[in-house]
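Numbering-wise (the UniProt record's numbering), the sequence shown opens with residue 1 and increments by one.
Virtual Cβ for every residue (Gly too), placed ideally from N, Cα, C.
Values in this document were obtained by computation on a predicted structure and should not be read as measured data.
Below you'll find the structure, written out as structure tokens, and then a few comments.
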Amino acid sequence: MDTHAHMVDTHDDLVEIYRGGSKNYYKVTCMVCGESHQSPIKPGYSSDAFVKEYNREIRVVGCDMLLSHLLGAHPDLYMLGDTLDKESQ
């Protein structure tokens, strides 16, 4: 969860939250391949007040989706980061 917190706290632009029709959505776009994922914010909890109160938590969920995509679609990047971390120790 530390990785998620770092992403939310330092990369606020990774998760886009927007209103479409009567629902609020979050959207993440992969910075490597451009693939995006959007999802409605939990049905029944998509009021603007809910989004404002739980903005950080919604962004954590979005970052989790992005991390899952990065690990699944771009595992070579994960391995490169792991290699660089080991070399710097």
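Distance from N24 to I41 at the Cβ level is roughly 5 Å; contact confirmed, criterion being Cβ atoms closer than 8 Å. In this structure, the CA atom of A73 is about 9 Å from the CA atom of C33. Given a length threshold of 3 residues, each whole run of the beta strand (DSSP E) inside the segment 16-87 is given here in chain order: 23-29 and 36-40. DSSP places H11 outside both helix and strand once states are collapsed to three, so it counts as coil.
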